[in-house]
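These notes concern the structure reproduced below.
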């Protein structure tokens with residue numbers, strides 16, 4: 274996404290990247306970046322939390338409007354939890370039981386199969 278944003282910007286289309294991987298996105302040099310200190314995959318706000326999603330969108334649009342120069346990073350004021358302990362536990366395989374790992378693997382495999390079915394359906398429509 275970072276490279277796509279840079280390409281769009283080079284062709285006159287303003288962009289804002291919303292992401293949770295600050296080091297990677299800043300290294301790629303995106304023009305405008307809204308950083309949320311959340312687990313990966315949650316850059317648009319907390320799941321099922323419309324208020325956090327609305328605020329995140331509002332911040333991104335404000336950044337698009339107000340950034341004064343290239344490579345502008347804004348940090349969201351939202352927090353995943355009150356302290357940073359979630360970073361030690363979130364998807365830490367060393368803290369999961371074999372049953373939990375197997376459950377997550379099965380769910381991941383199930384989602385891949387759903388995606389494959391959707392792709393096959395899209396190709397049939399072409």
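In our numbering, the protein residues as written are 274 to 399.
Cβ atoms here follow ideal geometry from the backbone N, Cα and C, with glycine treated the same way.
query, result
"Quick check: the Cα distance between residue 393 and residue 355, rounded to an integer number of angstroms?", "43 Å"
"Residue 306 bridges to which residues according to DSSP?", "290 and 346"
"Determine, using beta-carbon pairs with one atom in the region 346-354 and one in the region 371-386, whether at least three such pairs fall under 8 Å.", "no"
"Taking the alpha carbon of residue 287 as the reference point, which residue from 382, 341 and 329 has its own alpha carbon closest?", "341"
"Count the other C-beta atoms from every protein chain shown that fall within 10 angstroms of the C-beta of residue 379, then say buried if there are 16 or more, exposed otherwise.", "exposed"
"Measure the alpha-carbon distance for residue 345 versus residue 328 and round it to whole angstroms.", "19 Å"
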